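The block underneath contains the structure these notes are about, expressed in structure tokens.
In UniProt numbering, the protein residues as written are 1 to 140.
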């Protein structure tokens with residue numbers, strides 16, 4: 001999860017920093033599920049803020065995810081994250097916002113699915129998106 005959810009995002013942010021257009025913005029698509037075991041309801045929604053990783057350092061967590069994974073795995077469970085996907089997305093948000101020099105915007109959709117029309121109707125570049133689409137069609 002670290003390579004696909006963190007490393008690639010940090011590399012794209014670094015690329016944005018090198019652009020000649022200094023007004024360029026980096027938009028990172030995260031997930032609505034970056035709050036660990038924190039819950040919310042329609043009447044009491046989750047706040048739009050970074051989930052605290054305290055007392056853990058995001059840099060150390062990222063390093064552990066790439067290397068031994070034991071430190072990151074322990075932190076993930078203690079902080080109440082259900083899986084490495086949501087945990088790595090949370091760590092990534094922290095690291096992206098630490099990197100100065102790039103106007104970074106983070107969006108947190110609850111689900112990402114197949115395209116409505118572009119590049120063509122129903123296009124889904126990855127199998128998991130196709131599975132989501134199939135499940136939605138089945139439920140209809």
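No residue lacks a Cβ here, since even glycine has one placed at the ideal position from N, Cα and C.
From a predicted model like this one, the values you see are computed outputs, not experimental measurements.
Cutoff 7 Å; reference residue i; Cβ partners in own chain excluding five residues on either side
i	result
residue 86	31, 33, 34
Of the residues the options, the one placed nearest residue i, counting alpha carbons only
i	options	result
residue 99	12, 78, 76	12
residue 18	111, 103, 65	103
residue 50	77, 75, 106, 21	106
residue 90	29, 16, 24	29
residue 6	79, 116, 62	62
residue 2	116, 108, 60, 109	60
residue 109	55, 27, 44	27
residue 227	74, 82, 111	Given that the chain is displayed from residue 1 to residue 140, the structure contains no residue 227 and the question cannot be resolved.
Cβ shell of residue i (< 8 Å), same chain only, five flanking positions each side left out
i	result
residue 58	91, 94, 95, 98
residue 20	none
Neighbour-count burial assignment, residue i, 16 or more Cβ in a 10 Å radius
i	result
residue 65	buried
residue 88	buried
residue 24	exposed
residue 70	exposed
residue 9	buried
Distance between beta carbons of residue j and residue i, contact taken as under 8 Å
i	j	result
residue 79	residue 53	7 Å
residue 68	residue 76	Rounded, the Cβ-Cβ distance is 13 Å, inconsistent with contact.
6 Å Cβ shell around residue i - same chain, five flanking residues per side excluded
i	result
residue 72	61, 64, 65
**Request:** Jot down the residue ranges of each uninterrupted alpha helix (DSSP H) in the stretch 5-60, minimum 4 residues, whole runs only, in chain order.
**Result:** 8-17
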